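In my numbering, the protein residues as written are 293 to 594. Beta carbons are placed, not taken as given, at the ideal position from N, Cα and C, and that holds for glycine. All values derive from a computational prediction rather than experimental measurement.
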């Protein structure tokens, strides 16, 4: 019964957040969302029983768990610390779950601010796509106190298929950045190789078949293969601007830890050049055209 379940607040009803909201409602959780111009249309969530609030402080004051699904660290900090933000209304005992991709040092600062007003905090960044979000099949990497994590697990399970506990506060965001660096780094290497293969006249299917049977096989090839073979970008709809953001966060984290980051800086530079060329809103596979010398306007139209 809904009355026996925690009241959930959701800030950030974009492509991923709308799917999370639908999954929460489908599993019987009372849901209230923050009104915002960046939201996807709320009609389906409202029809499913969701309420709305105009101020983050008002929303935080009446929920048991508050899920943040915004772009990154600046947006998380803004929604918490601004006038009429989350911290001005957060009740003692409420848990904030941050599903964004963020810089771990910012995450630790935010967690302390939440804990200072009597709340709890989990960083629970997502992987997968809006399709899996709508199906309740996201992957989550969670950092925070183990008891808080276990208490919130039924809520997390309502919108996620695979959930990994990574350790204390910030460990979820740290692991997400490591994951995305590997994924986006592999994507950049494959895009560069695919562009070279195209310029050399290599048959695209032969190129993919040989990689798949050898050291180039795996998830990244499966995502980019439809574009390499038939210009279909649907396998990897992550935008170049988001890739640039995540690579920037990874480089910041590596620098703060005095870790080696020369390769990461090179990968970030590649995404930055594509973004500066007007491809920021294009999906990652379009890198292949950009690296192959296609004009930006033509590549962006794919």
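Asked, Found
"CA-CA distance, residue 454 and residue 333?", "27 Å"
"From the DSSP output, read off the bridge partner residues of residue 413.", "388"
"Rounded to whole angstroms, what's the CA-CA distance from residue 522 to residue 495? Just pull it up for me.", "12 Å"
"Below 8 Å on the Cβ atoms is my guess for residue 345 versus residue 327; work out the distance and round it to an integer in Å.", "7 Å"
"Beta carbon of residue 471, beta carbon of residue 415: below 8 Å?", "no"
"Assuming residue 368 and residue 348 are in contact, meaning their beta carbons sit under 8 Å apart, how far apart are those beta carbons, in whole angstroms?", "Actually they are not in contact, since the Cβ atoms of residue 368 and residue 348 sit about 11 Å apart, beyond 8 Å."
"Span of the alpha helix (DSSP H) holding residue 339?", "335-339"
"Under 6 Å Cβ to Cβ from residue 541, same chain only, skipping five residues before and after it: list those, please.", "395, 469"
"Could you work out which residue in 550, 428, 537 is closest to residue 446 when comparing CA atoms only?", "428"
"So, using beta-carbon positions, are residue 568 and residue 533 closer together than 8 Å?", "no"
"Would residue 461 be called buried (16 or more neighbouring beta carbons within 10 Å of its own) or exposed?", "buried"
"At 4 residues or longer, what runs of the alpha helix (DSSP H) sit wholly inside the region 349-387?", "365-373, 378-381"
"Assign residue 575 to buried or exposed, taking buried as 16 or more other Cβ atoms, counted over all protein chains shown, within 10 Å of its Cβ.", "buried"
"Helix, strand or coil: how does DSSP classify residue 310 here?", "helix"
"Of the residues 556, 420, 551, which one's Cα is nearest the Cα of residue 477?", "556"
"Roughly how many whole angstroms lie between the Cα atoms of residue 388 and residue 314?", "19 Å"
"Between 566, 386, 516, which has its C-alpha nearest residue 500's C-alpha?", "516"
"Cα separation between residue 444 and residue 307?", "23 Å"
"Cα-Cα, which of 491, 482, 487, 490 is closest to residue 504?", "482"
"For residue 440, I'd like the list of residues in its chain whose CB is within less than 7 Å of its CB, leaving aside the five on either flank, ordered along the chain.", "387, 412, 414"
"Do residue 486 and residue 402 count as a contact pair if the criterion is CB distance below 8 Å?", "no"
"Is the beta carbon of residue 409 closer than 8 Å to that of residue 432?", "no"
"Just tell me which of 422, 537, 434, 467 has its CA closest to the CA of residue 529.", "422"
"Leaving aside the five residues before and after residue 459 along the sequence, list all residues of the same chain whose C-beta is less than 8 Å from its C-beta, in chain order.", "435"
"When DSSP labels each residue in this structure, what does residue 298 get in the three-state scheme?", "coil"
"With a CB to CB cut of under 7 Å and the five nearest residues on each side skipped, what residues in its chain are close to residue 548?", "397"
"Return the CA-CA distance between residue 474 and residue 378, expressed in angstroms with no decimal places.", "33 Å"
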